[in-house]
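Every position in the sequence shown, counted from 1, becomes a number in the working numbering once 151 is added.
Note that beta-carbon positions come from the ideal geometry of N, C-alpha and C, so glycine has one too.
Everything numeric in this text was worked out from a predicted model, so none of it was measured.
For reference, the structure is listed below as structure tokens.
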Amino acid sequence: MKKNIKLFIFLATFLLLSACSGSSGESDTAASSSSSSSSSSSSSSIDSSSYAVSVANTANTYNTADIVSNTTFNYTIYIDFTANTVKLSTDSSQTLSATAVTVLTVDSTTVTVSKSTTGIVTIASTVASPVKYVLSGTLTGTLKVSSSSDSYQLYLNGLTINGSTIGPAVDLETTQKVFIVTADGTSNILSDTSTRNTITKKAALYGTGTMIFSGTGNLSVSGNYKHGIFSNDYIRICEGTISVSVTAKDAIRSVNGFIFDYGTLTITATGTTVDDESKGIKVEGIDSAAGQDKGYIVINGGNITITSVSKGITASWDIDEDTTTYADGNPDPFVIINNGIITITTTGTVYEYTSGNTTYSCSPEGIEGKSNLTINSGYLTIKTSDDCINAGDSVAINGGYIYAASSDNDAIDSNGTLTISGGVIVAIGSEVPEEAFDCDTNTFTITGGTFVGIAGATSTPTSSVCTQNAVILGNGTKNVTMALAATDGTVAFAFTIPQNYSTMLLSSADIKTGSKYTIYKGGTASGTSVFNGLYLGTKSYSGGTAGSSFTVSSTLTKITTSI
């Protein structure tokens, strides 16, 4: 099943520096005695920790204005919801009353804080410089920022807001940038209820402007009405430990973009409404005269774990749905992964049907970019029922470790071109007609990397543009360890097959032009390391049964041999 997607590149942010590469290994020797069993000797697993290191400050999205330490907050206001008090840092505390408005005089301007009888606490500022609000205690109701003349900071210092049926936990109505900072060592909780009757904003944490998250504390957001976190602009997570759970719609949704630099983000999205199942992270894009270079997702490091019914990560705007006349305002819904440890599991069932004049569908894909999707580095584990990786215009994999396993569709699917220039990939698709690597009849370029794909079929690499050799083999059997060994015993490739399949596509820099290789199966393999059954580094293979032999004479070799 095909979906639309696309790619570009425009991101970066804040924090550490370090680029990590995933690549293929070298080869060693193989023995070829007969054996009917299949096993693999111990090899070290891949240490993924280095892939959490942020490369945000070298990315195209790096923006010093998004780093909270680069903003000077001239005034600090403390609000303690448990004590029901508010104060300017230089003044005494005042009682936050439902019968009066608290006015804080800041130079010749003011900040007002009011509380309604229904539990809505409203902040309005006319201060022409950034203000920091230190928030603590427990509020049953809604915190609302109705106006701000400049960017501002919400410093969460042990804050709990339980949004009632009146509205969300937090409603940020100003279009100014907000820095949401969690204090070190604190736990902060924002939640809403499944019904609303006054403020019907569509998230537990709702914002009209840009949201920048940082700080080393914990933030838990629970969305039961619609989304968990929503911004009408873009969302950036610089650091911190954030968990978002939703029972209705999407965990994190923004209009213009999402950037993840560092930290730990855990998402659980369980909504099962037909045709609107919960997604993990969604950027919807907007078609407007000022809409260029928006609608994107960029990941620069850190740890992201997503369990969702529908798509895990999606830059979703689709040009096929464009109804406007100004093409120069179209967003660019690309996804780019520069680093990071990303684990995605989708639980929904793929379906599409029409009832009356309406089409209903669910596409539980892992990562989707409606234009382009680029993976430069990272450690990705993606398990889905629909496509694991999908793009509308192109998929480009330049590095990292990628495990992509789809139970009912393609592992890696581009509706345009597909390019692999580096990295280590294990791609598993379902049976015919689905594929491990699918780009239809578009250009499929291989110039590097070590990878294997098993499924019902595969797109064929475009020999004229490939500079690294690839081999297509016939069907294989679950739990069999196979290898390609040269006549001198050098092992060029070894893999333990995780499931039955019809077609295998493999490629490695160790497969040399002019060399003769024999296919072995049923033996024991080892390597310097192993990634989901794919042996890397210095490899060996013993035992097994020798099968067909072939000599590599071009960048693509097709063998019908079964394994």
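Going by Cα to Cα distance, which pick from the options is closest to residue i?
i, options, result
"D483", "K521, N683, I410 and T263", "K521"
"S677", "D301, V642 and S345", "V642"
"G529", "S557, I579 and I487", "I487"
"V204", "I605, I597, G551 and T215", "G551"
"G574", "F602, G695 and V583", "F602"
"S700", "G694, S691, W468 and I710", "I710"
"Y447", "I571, D427 and N481", "N481"
"G698", "G673, V285 and T291", "G673"
"A634", "I597, Q650 and S693", "S693"
"Y502", "D559, V681 and N549", "D559"
"S614", "V583, T708 and T702", "T708"
"S705", "F224, L685 and C617", "C617"
"T415", "D426, C389, K433 and N383", "C389"
"V434", "D335, D469, L323 and F644", "D469"
"T647", "A637, T654, D639 and V631", "V631"
Give me the Cβ distance between residue i and residue j, rounded to the nearest whole Å; I'm assuming they're in contact under 8 Å.
i, j, result
"S220", "A249", "So it is not a contact: roughly 37 Å between Cβ atoms."
"T717", "T532", "What is shown of the chain runs 152 to 714, which leaves residue 717 out entirely."
"V329", "Y303", "6 Å"
"T458", "I418", "7 Å"
"A660", "G599", "7 Å"
"A606", "S581", "6 Å"
"L656", "T609", "4 Å"
"D242", "V278", "The Cβ separation is near 15 Å, so there is no contact."
"I403", "V395", "6 Å"
"L341", "I312", "5 Å"
"P281", "T227", "Rounded, the Cβ-Cβ distance is 10 Å, inconsistent with contact."
"T337", "G314", "No, T337 and G314 are not in contact; Cβ-Cβ is about 20 Å, not under 8 Å."
"S373", "A355", "6 Å"
"I716", "I464", "Residue 716 falls outside the range modelled here, since the chain spans only 152 to 714, and no answer is possible."
"L290", "F232", "4 Å"
"S467", "G422", "Wrong, their Cβ atoms sit about 16 Å apart, outside the cutoff."
Does DSSP put residue i in a helix, a strand or coil?
i, result
"G480", "helix"
"D471", "helix"
"S201", "helix"
"T419", "strand"
"A555", "strand"
"V406", "coil"
"T570", "strand"
"D231", "strand"
"E177", "At E177 the pLDDT is 37, less than 50, meaning the model places this residue with poor confidence; the figure from the coordinates comes in the next sentence. Three-state result, E177: coil."
"V372", "strand"
"A216", "helix"
"A697", "strand"
"S705", "coil"
"T209", "helix"
"S614", "helix"
"N221", "helix"
"E516", "coil"
"S186", "Caution applies to S186, whose pLDDT of 35 falls short of 50 and renders its modelled position unreliable; the value that the coordinates give is listed next. Coil at S186, not helix or strand."
Should residue i be labelled buried (16 or more other beta-carbon atoms within 10 Å of its own) or exposed?
i, result
"A555", "buried"
"D401", "buried"
"Y504", "exposed"
"V252", "exposed"
"I450", "buried"
"K629", "exposed"
"K667", "exposed"
"T351", "exposed"
"S178", "With a pLDDT of only 37 at S178, under 50, the local geometry of the prediction cannot be trusted, and the value read off the model is given with reservation. When all chains shown are included, S178 counts as buried."
"D343", "buried"
"N490", "buried"
"T568", "buried"
"R308", "Here residue 308 is Asn; the residue named in the question, Arg, does not match the sequence. It is buried - the Cβ of N308 has at least 16 other Cβ atoms within 10 Å."
"G627", "buried"
"S665", "Looking at the sequence shown, residue 665 is not Ser but Gly. Under this definition G665 is an exposed residue."
"N566", "buried"
"I455", "buried"
Quick one: does residue i have its CB under 8 Å from some CB of chain C?
i, result
"P612", "Absence of chain C from the displayed structure is noted, only one protein chain being present."
> Curious, which full-length beta strand (DSSP E) runs of at least 3 residues does the region 248-275 contain?
Replying inline: Correct list: 253-257 and 260-266.
>> Going residue by residue through the region 324-401, where are the continuous beta strand (DSSP E) segments of at least 3 residues, counting only ones entirely within it?
In response: Complete beta strand (DSSP E) runs here, min 3: 329-333, 338-342, 354-358, 362-366, 369-374, 378-382, 385-388 and 392-397.
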